[in-house]
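**Student:** The listed protein sequences correspond, in order, to chains P, S, C and A.
Note that my numbering numbers the first sequence so that position 369 is 369, with each residue one more than the last.
Going from the second sequence to my numbering is simple: count from 1 and add 480.
Going from the third sequence to my numbering is simple: count from 1 and add 960.
Going from the fourth sequence to my numbering is simple: count from 1 and add 1440.
I am attaching a structure below and will ask some questions about it afterwards.
There are 4 protein chains.
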Amino acid sequence: MSDELKEYCGLFGIYGHPDAAQLSYLGLFSLQHRGEESAGIVVTDGQILSKHIGMGLVEDVFKPSDLERMKGYAAIGHTRYSTTGSSMLRNAQPLQVDYSRGSIAVAHNGNLINAHLLRDELEAHGSIFQTTIDSEVILHLLANPRYARFEEALVDTITRIKGAFSIVFLREDELIGVRDPNGFRPLCLGLLDGAYVLASETCALDMLKAEFVREIEPGEIVIIGKKGIRSLHPFPPTNPSHCIFEHVYFARPDSVIFGDSVHLVRQKLGRQLAREHPVDADLVIPVPDSGNSAALGYSLESGIPFEFGFMRNHYVGRTFIQPTQQSREFQARVKFNPVSAALKGKRVIVVDDSIVRGTTCKTRLKSIRDAGAKEIHMRVSCPPIMYPCFYGIDFPTKKELISCTHTLEEIRQFLEVDTLGFISLEGMLSAVNGKKANYCTACYSGKYPLPFGPEANKYILERKFSGEAHPVSAETPKKP
Amino acid sequence: MSDELKEYCGLFGIYGHPDAAQLSYLGLFSLQHRGEESAGIVVTDGQILSKHIGMGLVEDVFKPSDLERMKGYAAIGHTRYSTTGSSMLRNAQPLQVDYSRGSIAVAHNGNLINAHLLRDELEAHGSIFQTTIDSEVILHLLANPRYARFEEALVDTITRIKGAFSIVFLREDELIGVRDPNGFRPLCLGLLDGAYVLASETCALDMLKAEFVREIEPGEIVIIGKKGIRSLHPFPPTNPSHCIFEHVYFARPDSVIFGDSVHLVRQKLGRQLAREHPVDADLVIPVPDSGNSAALGYSLESGIPFEFGFMRNHYVGRTFIQPTQQSREFQARVKFNPVSAALKGKRVIVVDDSIVRGTTCKTRLKSIRDAGAKEIHMRVSCPPIMYPCFYGIDFPTKKELISCTHTLEEIRQFLEVDTLGFISLEGMLSAVNGKKANYCTACYSGKYPLPFGPEANKYILERKFSGEAHPVSAETPKKP
Amino acid sequence: MSDELKEYCGLFGIYGHPDAAQLSYLGLFSLQHRGEESAGIVVTDGQILSKHIGMGLVEDVFKPSDLERMKGYAAIGHTRYSTTGSSMLRNAQPLQVDYSRGSIAVAHNGNLINAHLLRDELEAHGSIFQTTIDSEVILHLLANPRYARFEEALVDTITRIKGAFSIVFLREDELIGVRDPNGFRPLCLGLLDGAYVLASETCALDMLKAEFVREIEPGEIVIIGKKGIRSLHPFPPTNPSHCIFEHVYFARPDSVIFGDSVHLVRQKLGRQLAREHPVDADLVIPVPDSGNSAALGYSLESGIPFEFGFMRNHYVGRTFIQPTQQSREFQARVKFNPVSAALKGKRVIVVDDSIVRGTTCKTRLKSIRDAGAKEIHMRVSCPPIMYPCFYGIDFPTKKELISCTHTLEEIRQFLEVDTLGFISLEGMLSAVNGKKANYCTACYSGKYPLPFGPEANKYILERKFSGEAHPVSAETPKKP
Amino acid sequence: MSDELKEYCGLFGIYGHPDAAQLSYLGLFSLQHRGEESAGIVVTDGQILSKHIGMGLVEDVFKPSDLERMKGYAAIGHTRYSTTGSSMLRNAQPLQVDYSRGSIAVAHNGNLINAHLLRDELEAHGSIFQTTIDSEVILHLLANPRYARFEEALVDTITRIKGAFSIVFLREDELIGVRDPNGFRPLCLGLLDGAYVLASETCALDMLKAEFVREIEPGEIVIIGKKGIRSLHPFPPTNPSHCIFEHVYFARPDSVIFGDSVHLVRQKLGRQLAREHPVDADLVIPVPDSGNSAALGYSLESGIPFEFGFMRNHYVGRTFIQPTQQSREFQARVKFNPVSAALKGKRVIVVDDSIVRGTTCKTRLKSIRDAGAKEIHMRVSCPPIMYPCFYGIDFPTKKELISCTHTLEEIRQFLEVDTLGFISLEGMLSAVNGKKANYCTACYSGKYPLPFGPEANKYILERKFSGEAHPVSAETPKKP
C-alpha cells in the first residue's frame, strides 16, 4: 500500500544528440512515477543554458512550443517529489545559476543529511538562498572561489556533502553524473546513436531504445563531453547500501536496478512470502499495480490460482471530486472496485508490497469482504516498516507507522483479516542476487549505514521522531 | 486491441436521493470507459431542470461548485462517444428542452437506424434541429401535440424509433428508463437507500454501494416517480440480440451484464481459446488491460504460467507530445514497455480481446520480439471482425478492417508471429450462460438481427460500406 | 452613469469576401461595447455553415485557430447582452439550425414583445425549445412547412413578430438583413471591395475601411446573394421610433446612426444643457468616457474651460478583486481617480449622460468633493429616466430608478451637489437633425410607440413593474 | 507616442496594517502603468515572509485565494518591466532570500550602472546568480558577512551601487525605503490609519485614501518598524537629477511627483508648446490618453477649441488577433478610430507627448487625414529624443530613434504633416516649478548627470550604442 508514499525524484541526462530536449521529455515521462509534483529540463547548445520548469506532471509542464524552443545537444531533466524543501515552483529542479565559470544546472535525487549544517556555514560566509532544496547548497559549494579548476571544485563539493545523492550536472559543454559512495539511489548509463544517456532507471533507456551500458558505480563521477566519457573515483572504497525499497516499491517493474530485474525480484519476494506464510486458499489476488509481481510469485510458488480481484479505474486524476459526505470505504471504491463474481465465497490471499499507515489497506480489504470473500489472508512482500528514512523516502513519522504502534496480532485485528504475514528481513534479502550486506534496510532494521553527527542527529530527532515530519509552513522560519 | 475503437455511451439515472447530482457524478465516473468525449448531468428539484455539460472527461467537466449548484432529488447523466453526430459541445448529452408539457431531458446509448428518415419527416413538418444526435429526434417525436397524455406520447415515440437504444429521460418529477426490444445495449436497475438508480453497467451501482435489483428488460419502459416504479411493455415479444462485443471489450470486467459476469465470460473465452488453439509455450501474457481476463483463462486452461509481459504507463494523457520524428514503434513504447527480464528467450503466448486494423497490434508484438521473446503466438478472444455495426459501435470501414482484406495466413505474416488463432464464433458464444441465439454477432457473422428498410439501407451502404465512415466535415451537409 | 446598464447586442454580416470570418471578428470587436457577455460567428462556404461561439469578450472567445478553421465568403456575427433569456452559453448567438430547406443561422438585436405568446403557440403545435432567446422563436416560425418558398416564410415570419428587432440571417448562400418597421435599433449597409457589409453601427465599417452606403430602412428586408442585393418592404408605412438612448449612451461617438454623428449629437446635448442650466463655475469636467462629448459641448457653449477631472484606470477587467472590507467610495476610486491638483478649490460642473440608480454617481461626486472641489454642479445630458423599456434596454425596475422614487430636489440632496440639472425632453430632441416625432422617448415620457396587447401587457406588468425585472433563476419555470 | 515604450517598474510598501497584502494589491493596481509584465507581493507576519509573484497584469497574477493566504501586517509589492534582465518569471520581483540574518525581500525601480561590475566581483568571490536582475546583486552585497549589524550592511550596500534606484526592502519586522542620491526615480511616503505607506507615485496613496506625507528625499533611507520611522542620510549632498520623462510620459496625470502635479505640468507643456509653435487651425486634438493634458493646455493657451478626434477602443487586450493580411493602417484603427464627423474639412492640431520611432505616429496621422482633415499640424510636448537612457528607460537604440536619423524637415515629410513643432528643452523645463538644474534631460541633451567609469562605459557603449539594445536571447551569455 505504498501508494500512500509520495514518490521522490527521477533524473535524466543526455549528451550528444540533436533532439536533447525532446528525448529528455520522453525520458522524464518514463520516470514520472518517481515524482509527480514538478518537472523541468535544462538544455545547452554549447553556449547558453535554457530552462523550462513547472508544477505538475511532465505532460502538463511541457507544451510542444516549449520543447521546440529548447535547441541543444545536451540536457538534464528532473521529476520531483522532494523530501526536503516544500512544494513550490521555486523549489522545482533542475536549478540553474550563473557563477564565475559561466552557467551550470543541477538536478538531485536523494537527501543530504548535512544540508542544514552546510547551509548555516554558507550563510555565515555571506551566501543567500532563494530555495530550500539541497541542490542550492551544492551549487554554492561548487562556486567557492578557492579552486583553480572546475574539477577540483566538483570533487571537493561532492566529498563535502553527506547522505544519499544521485546527481546530474549540466555545463555549457559537459554532462556530469554523480552517485554517492553508498549507492543509495540508482543511476544508470546508456548509449543512443552515439549519445550518452544518464537515467535513474533503465525503463527510461528502454523508452528511447537506448542501449543499457552499466550503472554508475557508487562513489563514481562521470564527466561526459566532446572528448567522450571519463570517470573520477574521489572516495575511499565503501560498502554499498542500496535502498532495498527501490525494489520493493519505487522502481518500475520493467527496470533493472542494482543489477536485478525489479519484476523478477518482486516475483521472488512473492515466492518467498508463499514459503514463509503458506495458507490454504482458493485465489491469490494483488493490490494493483504495486502488488502484481509479488502476487504472481506467490501464486506460482503456492500453486493457488492468480486472479484479478480488483478492477482499477485509470481515470482517477488530480481534480476528482471526493464524495465528502460519504464514508471512507466509498473513496476506496473510486479507484479499486472488487470483482464480486470472482471473489464470492472464495478464500482469498491478498498480496501487497507494504503496509504504511494501514488505513487504506483496511478499507480495500473491507471492500473484498463486502464482495463476498469467505476468508482473507493478507500477505506483505516487505517486513514491517518501523524506522524513518533519512536517505530520501518520505515515510510518515513513527506515530503514524502502524508497525511501530501495533503488534502483529493488533494489526491483523485492525485490518480484520483471517491471517496476516509479512516477509522476513532475511527472506526479503534472499530475493536479490547481490550480497545482502550491500543493501540499506534501515526502515525495517533501524541499522543506518551512514552515521550522522550529533548536530544533524539533533535536527533529525526533532524533525522526524517528534512526529512533526511535515512542518505546516512551507517557508523557512526566522533565524534568531 | 480494441482500444483503437472509441467507446460510445454510458447512462446513469437516479430518483429520490438528496445528493442526486453528486451521485450521478460518481456513477458517470465509473462509466467513463463508455465515453471519454463529453459528459453531462441534468438534475431536477421537482420544478426546474438544471443542466451542466462539457467536453472531456467527467473529472474535467465538473468542478465542485458545479455540483453544489445542482440541487435536486433526481438526475440523469451521460458520458459520450457518439457514433452519430460529431464531436462538438452542442452534441453533448443529456439534451434538455422546453415543450408544451414543461421541460424534459434525455440521454441515449445506441444508434437509431431510422433516425435520418424520422428527421427528414420531422423537418418536412416544420421541425428545426440544433444538433445532429438521435436524442433530438426522440424529443421532437415526444412533443407531438396529438397526444393527450405524456405516456401516450412516450409509448408512441418509443415504438416509432428503430435500432439499438437504451434511454433515460428526466421530467420535473419523473425518471424514465427505456430499453429497445432487442436489448442490444445494457441498462440495469438498482436501489440505494430507497432511491432508484439506472445505469448502463452494474459497476456504477457498486461504486455507490447500491443494490443490484435487475436488468431493465428488452422492450421495457420503467417510469419512476413519487408513487414508486411501474413498467410498460409496449412491444410484442421479440428475441433479444444482446451485443456480444459488450462482453468481449466494452463493459468493465467487474460488471454483470446480460446475466453474466464480464470478467468470468472473458476468462471462459480465454479457456475456450486455449482449447481451440493450444500451443507449447513458456508464458501467457495479456495486452493490458483488455486482454487480462482472457489471458488468465488461457493460462488456467493450458497450465502455462501467466506473466506480466507489458508494463503499462498510466500517465499517458490527452496532451502527451508524440515524438514526431521517431518511428511508430517508439510511440507504442510510450504506453506499453515490455518487461525484457521476463520475456528474454521465452516462447510467449500473447492474448488480446480483438484485432481491428492490426497496426497497433503489430507494433506491440514487435516490441516483445525486440525484448528477446523466442517465439510469439498470438491468440484473440473474439472471431475476426468483418462487418460494420449499425447498432452503436464505431468500427472502421471494411477497407480498414484487416480481417476483411487479409486471409488468416496473411494476417499472421503481417503481424510477424509464429502462430495466430482467433476463437470461433461457436466457441465465443459458449462462454455466455444464456441462449446463444440471444446475442447479436453481426460484426462477425454479417447476420443483422434487425432489418433496415431499403431507404435506410441506401444511406447505410453509402456511408459505411463505401469506406467513408467518418465524413471529414463535422457539419450537416446542405439539403437540395 | 449609464455604465450601470448592461449593453445589449451588436450585429455584423458580410457577403462576398474571402476573409469573411476574420472581418466579422474585427467588426464584432468594434461592436464590443454593445455586448460583453458572449460572442459568436457563423460562416458559410456556400455549402456548409460553421459556427464558433463562446462566453466573454470577442477577444477571449476567438483564438487564431478558430478563425483559420472558419473558411467561407459570407458570415454573420453577434455580441450579446440579451434582455431576454439568461446568461448562458446555450443562449449565445448566432443560433444555427437545420430544417427542411437546409441550414440557417440568425442573430438578433432588440426585444420581441410577443415572444412569449408565439412560444406558447408554437409549443402547443409540438415545437421544442432549447434556449430562451427570441431568435429560436423566429427560426421556428421560419420553418413552418406551409410556405412553398423561403421568401414567403421569411416575410410571414417577420410580419408575425412584434417589437424592436434588427436581424441578420445567414443561409448557405445568402445574407439577409431585417429592421423592424419602427426602426428602433440601428442597422447599416456598407461596401468593402465589392463585398456587402451589415453592421449595427458605422464604426464597424470604419474599422474595415468599408464605405458607408446607407442605413437599412425601417421595415426593410435586404437579401444579398450571388446576384447582388435586393429589398423587400412587406410592411405598411409607419412612423419611425428610433431609440433616442442610442444617441445618449449606447452607440459609439465615432458612429453615425439615424442620420446623425453620435459625437456631434452629444456635443449639442451638452450645448443645450448649458443653455437650459447655466451656472457660474471654474471648470467643466466629464464623467469619462460617456460624458466626454456632452461636457465638451457644455464647455464650448458656456465658455467655461473643459478639464480632465477624473483619471480613468484602463486596467480594470473582469477578474479584479474588489476590496470587500472597504467602503463603496473605495471601489469607485479603483476605476476613476479625481485629479486633485486640477480640482482643488474649484467650482466644478460635472457632466454625465444619465442617472439611473444614482448610487455610483453619488460616490463619484463624493470623490471630487474629497479632492477639494469647492462647489459641484451636476448636469445630465438626458431627462430623468422614469419608465421601463420593452424594446431592448435592460433598465432597472421602477423601484430602483431614482427619478421614479425621488423629486429633483431629493435627488440633488441625495447626490450632495450644489445644483442639479437634467436636459429637457424638448431640449434633448433638439439635438438630432431628424423629425422629433421619429424618436422613441418612452423611458422618459412613458409614451410607448408600439402598443402591446392585453396578454403581453399582463406579462410585462408582472415582470417589469412589479420590481422583479431579473428573476433569480436562469431557467424556465415549470408549466402547469 | 510613448506607448511604444515599455514601462518599467512600480514600487509599493506598507507597514502596520492588518490588510497589508490586500492593500498592496490595490496599490500595485494603481501603479500598473509602470509595469505590465509581471507583478509580485511579499508579506510578513513578523516571523515568516510569504511571496506570490507571476507574469502578467496585477489583476491576472492574484486570485482572491492568493491574497487570503498572505496574512501579515507589512508587505512590499512590485510591477515590472525591467530594463535589465529578461522577461521571465525568475526575474519577476520582489526577490526574496534567506541569509544569515533571516529572510529579506527587495523590489527595485531604476537601473544600476555598475551592476555588471559588481556581479563580476561577486562571482569572483563565489556568488551564484539565479536571475539577471539588479536586485540579486543588491542582496548579495547585503549578505556580506563582514558587517556586525544590518544597518551597516544596508548603508554599505546602498553606497556601493551606482545609478538610478528607488528600492523597498522587507524584513521580518521592518519596511525600508531607499532613493538614490540623484533622486532619478520617484518614491513617496504616506499614512493610512497609522500605517506607513511607500509608493512610486501618489496615485497609489489616493487609491487607498492614504494621506500624502512627503517624498522620500534623494539619498535618504527610511527604516520603518515597531518603533516608528527613522531616516539615514549616508550620502554627501548632491544635486538632484529627477527624470523629466516621468512628467512627460511615465507618471499618471493624477499623481504628484518631484513636487509637481503631473497633469498640470503637462498642461503647462501644452501651453508652452502653443507659445513656441502657434498655428492657425480649427481644432486641437490629443492622441489619447498620453496627449490629453498637453492638448488641453495648447487649446487653453491658443483659444483653439479642444476636440475628441480619436475614439479609443478600451477592449484591445493581450490576445487580440491582429489582422495579418491587412495593412498597418488597419492595425492602428483597431485601437484608435478617428471621429470623422468632427474632423471633416477641419484644420487640426494634433498633440502628443513624444515621438520615438515615428511609425505609429505616422499611421495615426494618416487615419486623421483619411477622415477628412484639411490640414494637420503635429505638436510634440517634449524635445526630440536623441540619446539612450542609462537610468531606467528602455528607449530604442540610436538607429531606431527618428530624431537621431532625420532632420526636423525630414520628420515632417515622413509624417506627411503640414507643420511640425517640438517643444524646446528650455520650454519643457519651464513647466516644472523646481530648479531646472534638478532634472535629468540626458535623453534630449546628452548630458548624463552621473558619470559612469570606463568599464561600465565600455559595456554600455557595446550594448546601447551599437544598435543591439535587445539581445535576442533571454539568457546570460557564456563567460570566457
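Each residue gets a CB set at the ideal place from its N, CA and C atoms; glycine is no exception.
Can you pull the chain A residues whose beta carbon is under 8 Å from the beta carbon of residue 78 of chain P, in chain order?
**Tutor:** Result: empty, since nearest Cβ-Cβ is about 16 Å, beyond 8 Å.
**Student:** Within 8 Å (strictly less), CB to CB, does residue 681 of chain S reach chain P?
**Tutor:** So no, residue 681 of chain S is outside the interface.
**Student:** Would you kindly report the start and end of the unbroken beta strand (DSSP E) that includes residue 1638 of chain A?
**Tutor:** Counting along the chain, the beta strand (DSSP E) containing residue 1638 of chain A begins and ends at 1635–1639.
**Student:** Would you tell me roughly how many angstroms separate the C-alpha atoms of residue 570 of chain S and residue 1065 of chain C, rounded to the nearest one?
**Tutor:** The alpha-carbon atoms of residue 570 of chain S and residue 1065 of chain C are separated by roughly 15 Å.
**Student:** What residue range does the alpha helix (DSSP H) around residue 272 of chain P cover?
**Tutor:** That run of the alpha helix (DSSP H) goes 262–276.
**Student:** Quick check on DSSP: helix, strand or coil for residue 287 of chain P?
**Tutor:** Three-state DSSP puts residue 287 of chain P in coil, outside helix and strand.
**Student:** Please list, in chain order, all residues of the same chain as residue 291 of chain P whose beta carbon is under 6 Å from its beta carbon, the five residues on each side excluded.
**Tutor:** Taken in chain order, the residues that qualify are 351, 352, 353.
**Student:** At what residues does the beta strand (DSSP E) containing residue 1606 of chain A begin and finish?
**Tutor:** It spans 1603–1611 - the beta strand (DSSP E) in which residue 1606 of chain A sits, taken as one unbroken run.
**Student:** Would you mind working out which of S:601, S:794, S:616 sits nearest residue 587 of chain S, comparing C-alpha positions?
**Tutor:** Among S:601, S:794, S:616, the Cα nearest to that of residue 587 of chain S belongs to S:616.
**Student:** Just to confirm, is the Cβ distance from residue 787 of chain S to residue 753 of chain S under 8 Å?
**Tutor:** No, Cβ-Cβ distance for residue 787 of chain S and residue 753 of chain S is not below 8 Å.
**Student:** Closest to residue 1274 of chain C by C-alpha separation, out of A:1456, A:1692, A:1781, would be which residue?
**Tutor:** Closest option to residue 1274 of chain C, Cα to Cα, is A:1692.
**Student:** Within 10 angstroms of the Cβ of residue 501 of chain P, are there 16 or more other Cβ atoms? Answer buried if so, exposed if not.
**Tutor:** Residue numbering for chain P in the displayed model covers 1 to 480; residue 501 of chain P lies beyond these limits and cannot be assessed.
**Student:** If distances are taken between C-alpha atoms only, which option among A:1452, A:1808, A:1567 comes closest to residue 1464 of chain A?
**Tutor:** If we check each option's Cα against that of residue 1464 of chain A, A:1452 comes out closest.
**Student:** Rounded to the nearest angstrom, how far is the Cβ of residue 620 of chain S from that of residue 1088 of chain C, given a contact under 8 Å?
**Tutor:** Sure, about 6 Å apart at Cβ, within 8 Å.
**Student:** Is the region 849–859 of chain S touching the region 878–889 of chain S in the sense that three or more CB pairs, one from each, lie closer than 8 Å?
**Tutor:** Flag = no, the region 878–889 of chain S and the region 849–859 of chain S do not touch.
**Student:** Does the distance from the C-beta atom of residue 285 of chain P to that of residue 348 of chain P stay below 8 Å?
**Tutor:** Yes, these two residues count as a Cβ contact at 8 Å.
**Student:** Pair every Cβ in the region 1627–1636 of chain A with every Cβ in the region 1675–1684 of chain A, then say whether three or more of these pairs are closer than 8 Å.
**Tutor:** With a cut-off of 8 Å, the region 1675–1684 of chain A and the region 1627–1636 of chain A do not count as touching, because too few Cβ pairs lie within range.
**Student:** By the criterion of Cβ-Cβ separation under 8 Å, what are the contact partners of residue 1585 of chain A in chain P?
**Tutor:** 124, 125, 126, listed in chain order.
**Student:** Alpha carbons only, please: which of P:309, P:158, P:393, P:204 is nearest the one belonging to residue 111 of chain P?
**Tutor:** Closest by alpha carbon: P:393.
**Student:** For residue 1916 of chain A, count the other beta carbons within 10 Å of its own beta carbon; 16 or more makes it buried, fewer makes it exposed. Which is it?
**Tutor:** With a pLDDT of 32 at residue 1916 of chain A, under the threshold of 50, the modelled position of this residue cannot be trusted; read the value that follows with caution. Buried, since its Cβ has 16 or more Cβ neighbours within 10 Å.
**Student:** Secondary structure at residue 662 of chain S, three-state DSSP: helix, strand or coil?
**Tutor:** Coil at residue 662 of chain S, not helix or strand.
**Student:** Report the start-end ranges of each beta strand (DSSP E) in the region 1011–1073 of chain C that is 3 residues or longer and not cut off at the edges.
**Tutor:** Runs of the beta strand (DSSP E) inside the region 1011–1073 of chain C: 1034–1040, 1055–1059, 1062–1072.
**Student:** Could you give the DSSP three-state label for residue 466 of chain P: helix, strand or coil?
**Tutor:** In this prediction, residue 466 of chain P scores a pLDDT of 39, lower than 50, which makes its location untrustworthy; the coordinate-derived value is nonetheless stated afterwards. In the structure shown, residue 466 of chain P sits in coil (DSSP, three-state: anything other than H, G, I, E or B).
**Student:** Please determine, among A:1778, A:1615, A:1740, A:1573, the residue with the shortest C-alpha to C-alpha distance to residue 1750 of chain A.
**Tutor:** For the residues A:1778, A:1615, A:1740, A:1573, the minimum Cα distance to residue 1750 of chain A belongs to A:1778.
**Student:** Mind pulling the chain P residues with CB within less than 8 Å of residue 800 of chain S?
**Tutor:** The answer, in chain order, is 29, 59.
**Student:** With a threshold of 8 Å, are at least 3 pairs of Cβ atoms found where one atom belongs to the region 1608–1625 of chain A and the other to the region 1657–1668 of chain A?
**Tutor:** Yes, the region 1608–1625 of chain A is in contact with the region 1657–1668 of chain A.
**Student:** Could you pull out every residue in the same chain whose Cβ sits closer than 8 Å to the Cβ of residue 1535 of chain A, ignoring the five residues on either side in sequence?
**Tutor:** Answer for residue 1535 of chain A: 1545, 1546, 1547, 1571, 1573, 1575, 1576, 1579, listed in chain order.
**Student:** Starting from the N-terminal side, write out each stretch of the beta strand (DSSP E) that is 3 residues or longer and does not extend beyond the region 207–262 of chain P.
**Tutor:** 211–215, 221–225, 228–232, all fully within the region 207–262 of chain P.
**Student:** By how many angstroms is the C-alpha of residue 792 of chain S removed from the C-alpha of residue 768 of chain S?
**Tutor:** If you take the alpha carbons of residue 768 of chain S and residue 792 of chain S, they lie about 7 Å apart.
**Student:** Is there a Cβ from chain A that is less than 8 Å from the Cβ of residue 67 of chain P?
**Tutor:** Residue 67 of chain P does not count as touching chain A.
**Student:** Output needed for residue 498 of chain S: all residues of its chain with C-beta closer than 7 Å, excluding positions within five of it in sequence on either side, in chain order.
**Tutor:** Correct list, in chain order: 553.
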